[in-house]
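What follows is one structure encoded as structure tokens, with my remarks underneath.
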Amino acid sequence: MIKSKFMKHRLTFYGLLLVFLSACNGIQTTGQSECEQEMAKAILWVDRTGNESLQKYGFIRTAKVRANVYSDGTFRIMSFCKKQERKVKNYLEKRVAVFTIPKFFFDEGYIEPGEQYLQLRYIPAKVNMK
107 MIKSKFMKHR LTFYGLLLVF LSACNGIQTT GQSECEQEMA KAILWVDRTG NESLQKYGFI
167 RTAKVRANVY SDGTFRIMSF CKKQERKVKN YLEKRVAVFT IPKFFFDEGY IEPGEQYLQL
227 RYIPAKVNMK
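Under our numbering, the sequence shown has 207 at position 101, and the numbering climbs by one with no breaks.
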């Protein structure tokens with residue numbers, strides 16, 4: 107049927123590639139599935155001041171992170187649940203460095219010091235302005 111040796115090798119290669127890709131499609135890392143199942147303890151605006159109107163920026167985004175929260179209200183991002191662009195990661199890490207979690211989150215029991223999942227809400231237009 108197949109006349110050339112080159113065509114046989116090509117068909118074998120594509121067949122193996124198809125098997126490999128279909129096998130890899132179902133693989134999930136433990137961290138991603140755990141991250142998707144866990145509920146975030148709080149949603150924090152990291153770049154919006156209280157009197158700022160959202161209408162001039164258009165829309166907002168939320169990034170779910172695993173963070174280590176300290177009792178003084180500061181926190182450190184340990185990982186992002188979904189892959190983020192480099193500029194978004196850098197922007198959020200810079201904002202988190204100067205951001206402090208309000209005291210009432212601790213008083214009301216929403217957040218305790220330690221490792222937990224948080225959602226960081228940000229304005230993409232501000233990421234592009236920097």
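All residues carry an ideal CB built from backbone N, CA and C; glycine is no exception.
Every value quoted in this text rests on a predicted model; they were computed, and no experiment measured them.
What is the DSSP secondary structure of Gly132, reduced to helix, strand or coil?
One-based indexing of the sequence shown puts residue 132 at position 26. Because Gly132 carries a pLDDT of 42, less than 50, the predicted location of this residue cannot be relied on, and the following value inherits that uncertainty. Three-state result, Gly132: coil.
Suppose you measure from the CA of Gln134 to the CA of Trp151; what does that come to, to the nearest Å?
Residue numbering aside, residue 134 sits at position 28 when the sequence shown is read from its first letter. Residue numbering aside, residue 151 sits at position 45 when the sequence shown is read from its first letter. Any answer about Gln134 is weak, because its pLDDT of 35 lies below 50 and its placement is not dependable; what the coordinates show is given next. If you take the alpha carbons of Gln134 and Trp151, they lie about 30 Å apart.
Expressed to the nearest angstrom, what Euclidean distance is found between the alpha-carbon atoms of Ala129 and Glu218?
Numbered from its first residue, the sequence shown carries residue 129 at position 23. Numbered from its first residue, the sequence shown carries residue 218 at position 112. Per-residue confidence for Ala129 stands at a pLDDT of 49, beneath the threshold of 50, marking its modelled position as unreliable; no derived number is given.
From the DSSP output, which residues share a beta bridge with Gln225?
Within the sequence shown, residue 225 is the residue found at index 119, counting from 1. Gln225 pairs with Ile149 and Lys170.
How is Phe186 classed by DSSP in three states: helix, strand or coil?
In the sequence shown, the residue the question calls residue 186 occupies position 80. Strand, per DSSP.
CB contact flag (Ile183, Val204, <7 Å):
As a working mapping, residue 183 is identified with position 77 in the sequence shown. As a working mapping, residue 204 is identified with position 98 in the sequence shown. Against a cut-off of 7 Å, the Cβ pair of Val204 and Ile183 comes out as no contact.
Residue burial classification, Ala173 (beta-carbon count within 10 angstroms, cutoff 16):
For the purposes of this step, residue 173 is identified with residue 67 of the sequence shown, where counting begins at 1. Burial call: buried.
Span of the alpha helix (DSSP H) holding Tyr197?
Counted from its first residue, the sequence shown places residue 197 at position 91. Counting along the chain, the alpha helix (DSSP H) containing Tyr197 begins and ends at Arg192 to Val204.
Pairwise C-alpha distance: Tyr216 and Gly179
Taking the sequence shown and counting its residues from 1, one reaches residue 179 at position 73. Taking the sequence shown and counting its residues from 1, one reaches residue 216 at position 110. If you take the alpha carbons of Gly179 and Tyr216, they lie about 12 Å apart.
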